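A.B. asks: In the order they appear, the protein sequences are chains A and B.
The numbering of the first sequence is my numbering, which starts it at 1 and goes up by one.
The numbering of the second sequence is my numbering, which starts it at 1 and goes up by one.
Where a beta carbon is used, it is the ideal one built from N, C-alpha and C, also for glycine.
Predicted, not measured: the structure shown is a model, and the values here were computed from it.
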Amino acid sequence: MKPSIIISWIAQLVAVVIMGQSLYFKFTAHPASVAIFTDIGMEPYGRILIGVIELIACLLLLRSSSAHYGALLGLGTMAGAVVGHFTQIGWDGERGELGILALVVLASCAIVLYIRRMDLPFISHALKESEKG
Amino acid sequence: MSAKIAIDLHKLAKTVNIAIPTLAVLFFLAGWKLSFYFHFGTVTFILLTLLNLFYTRIQSGHTLLRNFGIMGQARYMMESIGPELRQYFFANDTEERPFDRNARSEVYRKAKNIDSAASFGSQNEFDETEIKIRHSMYPVLHSEQVPFSLTFGEERGIENAYTVKRPFIISAMSYGALGEHAVRALARGARQAGIPMNTGEGGHPKYHLMEGCDLIFQLGTAKFGARNEDGTLDDSKLAALASQDSIKMVEIKLSQGAKPGKGGLLPKEKITDEIAELRGVSKDKDVLSPPFHPECVGPQNTVSFIKRVQDLTKLPVGIKLCLGRPAQFEELVVEMLTQNIFPDWITVDGAEGGTGAAPKAFIDGVGMPLYPALKLVNDILTKHGVRDRLKLLASGKLISPEKQMVALCLGADAIYSARGFMLALGCIQALQCGNNTCPIGITTHDPELQRGLDIAVKSTRVVNYVDNLEHDLEELLSAAGCRSTRELSYDHLFVPVGANLGAMPPQSSSTSSSSSSSIFA
Ligand SMILES: Cc1cc2nc3c(=O)[nH]c(=O)nc-3n(C[C@H](O)[C@H](O)[C@H](O)COP(=O)(O)O)c2cc1C
């Protein structure tokens, strides 16, 4: 295996572990999770919806043939989370830790996406040409 | 007009490039003040903004993307789905290549046993290029027809002469070009239909042998399956193969229509343990398929090589070639006469033949098409009085009965087809044979794609295809007023001047020693 693929897999697993454990809190309606989603006015459907999206992202990240889509989905949801932390959720106490974790997942997904950029439909086409020159 | 459209597009692209980040900001504000759900839009448009910046500022390979950003991308997207769009919506029934939809549907119907009657009239042009069959005023009744039978090797009176009872043979396709399921479906179908199958140059025919059909072992230029380290023939390995019950004949491939005069390279990355074993090559070196047999560098040693293989295998041995310069072929025939050694058959492969992968220049531009090549080969053999010393096989898009009839009239004794049988297996002509991504699971080794190709079902399709081809050929034969395919001749064809058979201009030849006596010099 090429070293870059190994790095990608490490990043994939980091993202999956962090997102995966947060699912438990979302799907069991843990009070902290409910509080956050209440603050941003998405309780309860938004919580479930985001949970489902993250679940799909995790599953996609676990297969090398679909990891790039998982990373894209993860990148999107985490970007949303970070936007939330900067606007309504804030960074106090436990929320700050959650925000940092979101940033870690965001970075991991970005790494995966960068390493696997040639798997992306359409975009890889543009990349191929420009990386030649 | 077109200038105006270009300017509009430019404006549109500029608008879009400004709109995307603007929308990102607006969605952000709405997400912040109205409802968090708007942030789905925020995130999407932020990502699009980044992508757009990359296209217009960072990458430089694509002018269109650098100038127009994401809007330029739309063009590439449309372009990339163009083949599918054309195939599904816009392509005429007589337009696609290599096989138009009419031709493909005909094979599908035959393979699925669906009646292929058409209504109202032909979709063909009836122009000056179309060869037609000239029927007789006095058709022959089916009951008067003589069953087909062709014995290879009878001319030499060998013990292992091999008889086929139907005029069809599955042409060379290697395990490698085809996946395991396809090979086994074809082999099982061949057994059930009672026709032989060529192994292709994939080496030891492990999967072909599993189904117990009659096989023609192909000896390619790299001698896969029977080679020494240096790529020359290993006599003992070939003899061992030839002693297998299922292997009835051996075909020496001199050249192939899709890439005559072109060898190949099997990169070491592609050599799995299995392929190394079957082909008899080492795993840690690229393997070169030379464009010709190292043993055959002129007419003399080519003929001697045929003799060597005949003696070794004790089986009928044929050669397969795509005709290049007819004078060189005539030289070879003269040499056969001199040495009094003839292959048991010659396969003429037309330049329109298929392949797993070959350079486009060769696929499109090299070699003689089947009909004129077949006619020339037949004429040259006849001229030298040796047509009855061997059999002639023909291949090159002979997937429908009327095309096959033409080849039979031009001198072929039986019909070889590769892609006809691929279509019978369900090939949709996705043109992916060289990419391991065949959506039908025929030319791929991907187990997920092969899963869909059910060996039992598809082998029945092969049988149906053969049954229905034979039925149609018998009808055509009876219309032509013939009792057997042997009675067919050039006279049964209507050849308009525009057909590539019509008038072949004389060509001077620099290589032939016998050019003065040559029929086309
Ligand atoms: C996928 C594929 C693999 C082939 N492999 C071989 C091969 O190994 N050796 C060979 O002599 N011809 C090979 N051919 C050529 C065919 O045997 C045949 O000569 C040619 O396709 C013309 O017949 P068709 O028009 O009925 O397909 C291959 C063709 C295809 C489509």
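Counting pairs of beta carbons, one from the segment 278 to 296 of chain B and one from the segment 221 to 236 of chain B, are three or more of them closer than 8 Å?
C.D. replies: Flag = yes, the segment 278 to 296 of chain B and the segment 221 to 236 of chain B touch.
A.B. asks: Along the chain, which unbroken stretches of the alpha helix (DSSP H) at least 4 residues long are found entirely within the segment 115 to 193 of chain B?
C.D. replies: 180 to 193
A.B. asks: Could you name the residues of the segment 39 to 64 of chain A whose beta carbon sits closer than 8 Å to any beta carbon of chain B, in the order they occur along the chain?
C.D. replies: Cβ contacts with chain B: 40, 41, 42 and 46.
A.B. asks: Taking the C-alpha atoms as reference points, what is the distance between residue 182 (chain B) and residue 444 (chain B)?
C.D. replies: 9 Å
A.B. asks: Helix, strand or coil: which one does DSSP assign to residue 347 (chain B)?
C.D. replies: Note: residue 347 (chain B) maps to strand in three-state DSSP.
A.B. asks: Give the interface partners of residue 46 (chain B) over in chain A, defined as CB-CB distance under 7 Å, in chain order.
C.D. replies: 79
A.B. asks: Give me the chain A residues within the contact set of residue 445 (chain B), using Cβ-Cβ distance strictly less than 7 Å, ordered along the chain.
C.D. replies: Within chain A, no residue comes near residue 445 (chain B); the closest Cβ sits about 16 Å away, beyond 7 Å.
A.B. asks: Kindly indicate the opening and closing residues of the alpha helix (DSSP H) around residue 43 (chain B).
C.D. replies: 39 to 53
A.B. asks: I need the DSSP call for residue 96 (chain B), collapsed to helix, strand or coil.
C.D. replies: coil
A.B. asks: Using CA atoms only, rank isn't needed, just tell me which of B:454, B:358 and B:307 is closest to residue 153 (chain B).
C.D. replies: B:307
A.B. asks: Using the Cα positions of residue 312 (chain B) and residue 238 (chain B), report the straight-line distance between them to the nearest angstrom.
C.D. replies: 8 Å
A.B. asks: Beta-carbon of residue 83 (chain A) versus every beta-carbon of chain B: anything under 7 Å?
C.D. replies: yes
A.B. asks: According to the neighbour-count rule (16 or more other Cβ atoms, all chains shown, within 10 Å of its Cβ), is residue 122 (chain B) buried or exposed?
C.D. replies: Flag for residue 122 (chain B) reads exposed.
A.B. asks: Tell me whether residue 526 (chain B) is buried or exposed, calling it buried when 16 or more other Cβ atoms sit within 10 Å of its Cβ.
C.D. replies: With chain B running from 1 to 521 in the structure shown, residue 526 (chain B) is simply not present.
A.B. asks: Excluding the 5 residues flanking residue 1 (chain B) on each side, which residues of the same chain have their C-beta closer than 6 Å to its C-beta?
C.D. replies: With a pLDDT of 44 at residue 1 (chain B), under the threshold of 50, the modelled position of that residue is not reliable, and the figure given next carries that caveat. Nothing listed; no residue qualifies.
A.B. asks: Between residue 25 (chain A) and chain B, is the shortest Cβ-Cβ distance under 7 Å, so that the two count as touching?
C.D. replies: no
A.B. asks: Who are the near neighbours of residue 180 (chain B) in its chain, counting only those whose CB is closer than 6 Å to its CB and skipping five residues on each side?
C.D. replies: 207.
A.B. asks: Tell me, please, which residues DSSP counts as bridged to residue 217 (chain B).
C.D. replies: B:250
A.B. asks: Between residue 417 (chain B) and ligand 1, is there a pair consisting of the residue's CB and a ligand heavy atom that are separated by less than 6 Å?
C.D. replies: Yes; taking the cut-off as 6 Å, the Cβ of residue 417 (chain B) has a heavy atom of ligand 1 nearer than that.
A.B. asks: Using the three-state DSSP reduction, which class does residue 518 (chain B) fall into: helix, strand or coil?
C.D. replies: Residue confidence is low: residue 518 (chain B) scores 40 on pLDDT, short of 50, so the model does not pin down where it sits. Its coordinate-derived value is still stated next. Residue state, collapsed to three classes: coil.
A.B. asks: Looking at chain A, is there any beta carbon in it that lies within less than 7 Å of the beta carbon of residue 337 (chain B)?
C.D. replies: So, not an interface residue.
A.B. asks: Identify whether residue 197 (chain B) lies in helix, strand or coil by the three-state DSSP scheme.
C.D. replies: Note: residue 197 (chain B) maps to strand in three-state DSSP.
A.B. asks: With H, G and I counted as helix, E and B as strand and the rest as coil, what does DSSP make of residue 539 (chain B)?
C.D. replies: Examination of residue 539 (chain B) is not possible in this model, given that chain B is present from 1 through 521 alone.
A.B. asks: From residue 86 (chain B) to residue 453 (chain B), what does the alpha carbon distance come to, in whole angstroms?
C.D. replies: 25 Å
A.B. asks: Taking residue 68 (chain A) as the query, report the chain B residues whose CB atoms sit under 8 Å from its CB, ordered along the chain.
C.D. replies: Going along chain B, no residue has its Cβ under 8 Å from residue 68 (chain A), so there is no contact; the nearest lies around 14 Å.
A.B. asks: Is it a yes or a no for the segment 39 to 51 of chain A touching the segment 121 to 128 of chain A, going by three-plus beta-carbon pairs under 8 Å?
C.D. replies: no
A.B. asks: What are the residues of the segment 102 to 121 of chain A that lie near chain B, defined by any Cβ-Cβ distance shorter than 7 Å?
C.D. replies: Within the segment 102 to 121 of chain A, no residue has a Cβ that lies closer than 7 Å to any Cβ of chain B.
A.B. asks: By Cβ distance below 8 Å, which residues in the same chain neighbour residue 277 (chain B) in space, the five residues on each side in sequence not counted?
C.D. replies: 204
A.B. asks: When every heavy atom of ligand 1 is checked, does at least one fall within less than 6 Å of the C-beta of residue 44 (chain B)?
C.D. replies: No, since every heavy atom of ligand 1 falls outside the 6 Å radius drawn around the Cβ of residue 44 (chain B).
A.B. asks: Flag residue 74 (chain A) as yes if its beta-carbon sits less than 7 Å from any beta-carbon of chain B, otherwise no.
C.D. replies: No, no contact with chain B.
A.B. asks: In terms of alpha-carbon separation, which member of B:484, B:492 and B:496 lies closest to residue 144 (chain B)?
C.D. replies: B:484
A.B. asks: Return the first residue and the last residue of the beta strand (DSSP E) that residue 417 (chain B) is part of.
C.D. replies: 414 to 417
A.B. asks: Which residues in chain A sit within 7 Å of residue 574 (chain B), going by Cβ to Cβ distance?
C.D. replies: Residue 574 (chain B) cannot be examined here, being either before or after the span of chain B that is shown, 1 to 521.
A.B. asks: Nearer than 6 Å: is that true of the beta carbon of residue 203 (chain B) relative to any heavy atom of ligand 1?
C.D. replies: no
A.B. asks: Can you tell me whether residue 378 (chain B) is buried or exposed? The criterion is at least 16 other CB atoms within 10 Å of its CB, across all chains shown.
C.D. replies: buried
A.B. asks: Report the rounded CA-to-CA distance for residue 159 (chain B) versus residue 246 (chain B), giving the unit in angstroms.
C.D. replies: Here the alpha carbon of residue 159 (chain B) sits roughly 16 Å from the alpha carbon of residue 246 (chain B).
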